[in-house]
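Quick notes on the structure that follows.
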Amino acid sequence: MQKNLNVNPFLVLFPILFSFFVMGFVDIVGIATSYVKQDFSLNDKLANLLPLMVFLWFAICSFPTSIIMGRIGRKKTVLLSALVTSIGMVIPIFNYSFPTILAAFAFLGIGNTILQVSLNPLLTSVVEKGKITSMLTLGQFIKAISSFLGPIVVGIAVSFWGNWKYIFPIYLALTLLSFIWLYGSPVTENKEESLEKNAGHKMFSLLKDTYLLSLFSVIVLIVGFEIGLMTAVPKYLHEYCQLPLEKGGLGCSLYYIARTLGTFIGSILLAKVASRKVFIVSMFIAIASFLSFMFIKDTIIILVSLFIIGLACANVFPIIFSNAIQSDSSKINEISALMIMGVAGGALIPPVMGIISDVTNQLTSLFVLLGILFYMLFVALYILKK
Numbered sequence: 000m001q002k003n004l005n006v007n008p009f010l011v012l013f014p015i016l017f018s019f020f021v022m023g024f025v026d027i028v029g030i031a032t033s034y035v036k037q038d039f040s041l042n043d044k045l046a047n048l049l050p051l052m053v054f055l056w057f058a059i060c061s062f063p064t065s066i067i068m069g070r071i072g073r074k075k076t077v078l079l080s081a082l083v084t085s086i087g088m089v090i091p092i093f094n095y096s097f098p099t100i101l102a103a104f105a106f107l108g109i110g111n112t113i114l115q116v117s118l119n120p121l122l123t124s125v126v127e128k129g130k131i132t133s134m135l136t137l138g139q140f141i142k143a144i145s146s147f148l149g150p151i152v153v154g155i156a157v158s159f160w161g162n163w164k165y166i167f168p169i170y171l172a173l174t175l176l177s178f179i180w181l182y183g184s185p186v187t188e189n190k191e192e193s194l195e196k197n198a199g200h201k202m203f204s205l206l207k208d209t210y211l212l213s214l215f216s217v218i219v220l221i222v223g224f225e226i227g228l229m230t231a232v233p234k235y236l237h238e239y240c241q242l243p244l245e246k247g248g249l250g251c252s253l254y255y256i257a258r259t260l261g262t263f264i265g266s267i268l269l270a271k272v273a274s275r276k277v278f279i280v281s282m283f284i285a286i287a288s289f290l291s292f293m294f295i296k297d298t299i300i301i302l303v304s305l306f307i308i309g310l311a312c313a314n315v316f317p318i319i320f321s322n323a324i325q326s327d328s329s330k331i332n333e334i335s336a337l338m339i340m341g342v343a344g345g346a347l348i349p350p351v352m353g354i355i356s357d358v359t360n361q362l363t364s365l366f367v368l369l370g371i372l373f374y375m376l377f378v379a380l381y382i383l384k385k
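Here numbering that gives the first Met the number 0 is used: the sequence shown runs in plain steps of one and ends on residue 385.
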């Protein structure tokens with residue numbers, strides 16, 4: 000590791016890794032959509048504006064963030080993300096209405112965009128080149144822990160405090176802790192790498208590279224797949240298994256538990272097996288499990304299938320992201336910004352599913368997600384290099 004880690008890693012690496020925990024807060028939008036729909040008596044099309052308000056900003060803000068990061072550095076950009084996220088967490092505490100909850104999740108989306116664009120490059124500043132993939136996977140493992148805890152905390156808030164909105168002061172406190180910890184840490188950056196004035200302007204030129212364009216499309220679709228699935232799961236379990244929303248929401252936690260376990264397994268497996276092979280096998284397993292999830296109307300089988308889907312999809316993002324940033328180590332800032340722009344897929348897929356489910360049912364909308372899995376299998380088989 001670089002000179003940053005010659006000091007106590009608790010002071011340098013741990014605050015960066017804790018920021019990955021804050022990164023996972025954005026995934027609460029899945030279960031939140033179900034509660035907002037219930038609270039304001041919305042149809043699916045309107046309720047799915049919530050993930051749209053979160054993930055739209057990944058398309059809008061990734062490019063400006065890369066410019067900001069090139070001017071003020073990676074650490075300051077991560078700190079900025081915590082401040083923006085905190086604003087989003089404050090809003091529903093004082094006023095809870097459909098417009099204000101949309102505004103709150105918009106700030107969450109903006110803050111998370113800034114965080115995801117800047118945090119991965121910041122992590123590369125403090126680790127050796129040969130350990131980048133494993134450390135990125137560790138970061139995704141920490142994010143997955145946060146993601147699966149979210150619906151559980153919501154369930155606790157409903158059971159013990161009577162309202163899911165108590166998630167917001169909890170997330171606010173953790174975000175402020177992240178800011179204070181990182182602010183006080185002695186993280187230093189390579190100025191030539193971090194303060195790249197033209198990074199933002201170079202980002203879109205990367206789309207001329209068909210390989211990076213393919214990887215970008217997978218990022219778009221895997222995020223859209225997961226947010227679409229998490230948005231659908233509580234409603235799907237309610238519709239087909241007669242589970243109330245608070246119990247159906249635990250299906251989201253089950254998925255994220257599987258994802259957490261999958262990233263842990265992946266951090267070990269990917270050190271020994273080529274990522275392309277892991278990706279191919281994972282997609283075959285995911286497709287088989289998703290067909291079971293869709294067509295076998297048994298609660299236990301649905302939940303087991305959901306768990307296996309989470310395992311199979313756990314390492315798609317770190318595999319694609321690490322392949323992308325290692326394709327050209329001189330352009331890490333702009334490649335990171337481009338790949339994180341793909342997270343806007345979370346804004347694209349749920350509205351499409353909402354329109355389909357309003358016209359038909361939840362089951363029919365799931366065919367969108369099945370098509371995504373087949374596309375990712377195609378990329379794994381014919382495009383991914385290693």
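Built from N, CA and C at the ideal position, the CB exists for glycine as well.
Distance, residue j Cα to residue i Cα
i	j	result
I100	M375	33 Å
L171	L383	39 Å
A336	L369	27 Å
D327	Q139	21 Å
V219	G341	4 Å
L4	T259	Low confidence applies here, because L4 scores a pLDDT of 47, under 50, leaving its location unreliable; read the following figure in that light. If you take the alpha carbons of L4 and T259, they lie about 26 Å apart.
G223	W160	32 Å
T262	P349	24 Å
W163	S145	17 Å
Q1	V126	At Q1, the pLDDT of 47 sits below 50, so the modelled position is not reliable; the number obtained from the coordinates is stated separately. For Q1 and V126, the distance between alpha carbons rounds to 6 Å.
S304	D297	10 Å
V315	R275	10 Å
S117	D208	22 Å
L48	S291	29 Å
S85	G309	29 Å
F289	L236	14 Å
G248	P233	5 Å
F294	E225	19 Å
P150	I339	24 Å
F283	I307	11 Å
L242	L380	38 Å
S204	N119	21 Å
V367	G183	45 Å
V358	L114	37 Å
L55	L347	8 Å
K330	F373	30 Å
V11	T123	12 Å
L41	S65	36 Å
Q361	W180	43 Å
Residue closest to residue i, alpha-carbon to alpha-carbon, out of the options
i	options	result
V153	F373, P50, K246, C312	K246
L121	I348, L41, V186	V186
L268	S133, D297, D38, V232	S133
S321	A102, A270, K234	A270
P91	I166, V232, M229, P350	I166
L253	I331, L302, M88, I226	L302
V217	P243, A343, I295	A343
A81	F106, I334, V11, F93	F106
D38	F20, F19, Y95, F57	Y95
F19	L206, G110, I334	G110
L214	M68, F147, Q325, V272	Q325
I141	Y381, F24, V378	F24
F147	Q115, G87, M229	M229
L173	W56, I113, M22, G69	M22
T112	C60, S364, I221	C60
I334	G69, W56, L55	G69
G87	L181, L365, S364, A102	A102
K74	S364, V351, N332, Q361	N332
P317	V11, A58, L135	L135
A231	K330, F93, T363	T363
M352	P168, A46, I299	A46
F93	V272, P168, L206, L365	P168
C-beta contact flag for residue i and residue j at 8 Å
i	j	result
V157	G108	no
F13	L78	no
V28	F104	yes
C403	I30	No statement about residue 403 is possible, as the shown extent of the chain runs from 0 to 385 and does not include it.
K44	I354	yes
L175	L16	no
A323	A285	no
P63	G345	no
G265	V280	no
Residue i: CB within 7 Å of a non-hydrogen atom of the ligand MG
i	result
I166	The ligand MG is not part of this structure, which contains no ligands at all.
Going along the chain, which unbroken runs of the beta strand (DSSP E) with 3 or more residues stay wholly within the segment 141-170?
none
Starting from the N-terminal side, write out each stretch of the beta strand (DSSP E) that is 3 residues or longer and does not extend beyond the segment 305-379.
none
Complete alpha helix (DSSP H) runs within the segment 212-269 (minimum length 4 residues, chain order):
Counting only runs of 4 or more, we get 244-247, 249-268.
At 4 residues or longer, and completely inside the segment 10-91: list those alpha helix (DSSP H) runs for me, N to C.
28-39, 43-46, 48-71
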